[in-house]
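All residue numbers for the sequence shown refer to the numbering used here, where the first residue is 395 and numbers rise by one. Each remark here refers to the structure printed beneath this line.
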Amino acid sequence: MVQADMRSIGSRQDVAYVGNLGPFGALGKQSVAGFTLFNLSANWNIHPNASLQTAIFNLFNQEYLELNGYRTRPRTVSATLQLRF
395 MVQADMRSIG SRQDVAYVGN LGPFGALGKQ SVAGFTLFNL SANWNIHPNA
445 SLQTAIFNLF NQEYLELNGY RTRPRTVSAT LQLRF
């Protein structure tokens, strides 16, 4: 089975430190741009007791922010082999 999904987040306000506000600098606000991510996954039953799952997250390797100041994951590929006894 192959599955695709999309996650879309609109622009929003996040907390940002503003130095000229002194000790209240953490009360500043900064706009964070929206983003859309695409993921792709597949699952194969290769044997009655074994399956293989693969996935690509952030398919188009989009740079985006969820929170100001924190990096997000680039394109990530995973594979899992599951054996049942």
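Glycine included, C-beta positions come from ideal geometry on N, C-alpha and C.
Among the options, which residue has its Cα nearest to the Cα of residue i?
i	options	result
Ser405	Gly428, Glu460, Val471	Gly428
Val409	Tyr464, Asn437, Leu453	Tyr464
Ala449	Gln476, Thr470, Asn443	Thr470
Going by beta carbon distance, what residues of the same chain come within less than 7 Å of residue i, once the five residues before and after it are set aside?
i	result
Gln397	Ser435
Leu477	Asn443, Ala444
Ile403	Gly428, Phe429
Glu460	Thr466
Let me check one thing: in DSSP terms, what residues is residue i bridge-paired to?
i	result
Ile403	Phe429
Thr448	Ala436, Ala473
Gly480	Look at the range of the chain in this structure, 395 to 479, and you will see that residue 480 is not part of it.
Identify, in the order they occur along the chain, each residue of the same chain with its Cβ nearer than 6 Å to the Cβ of residue i, setting aside the five sequence neighbours on each side.
i	result
Gln447	Asn437, Thr474
Arg401	Leu431
Can you have a look at residue i and say buried or exposed, based on whether 16 or more other CB atoms are within 10 angstroms of its CB?
i	result
Asn455	exposed
Asn439	exposed
Asn443	exposed
I'd like the list of long-range same chain contacts for residue i, defined as Cβ closer than 8 Å, with 5 residues on each side in sequence excluded.
i	result
Leu415	Leu421, Gly422
What is the DSSP secondary structure of residue i, reduced to helix, strand or coil?
i	result
Gly463	coil
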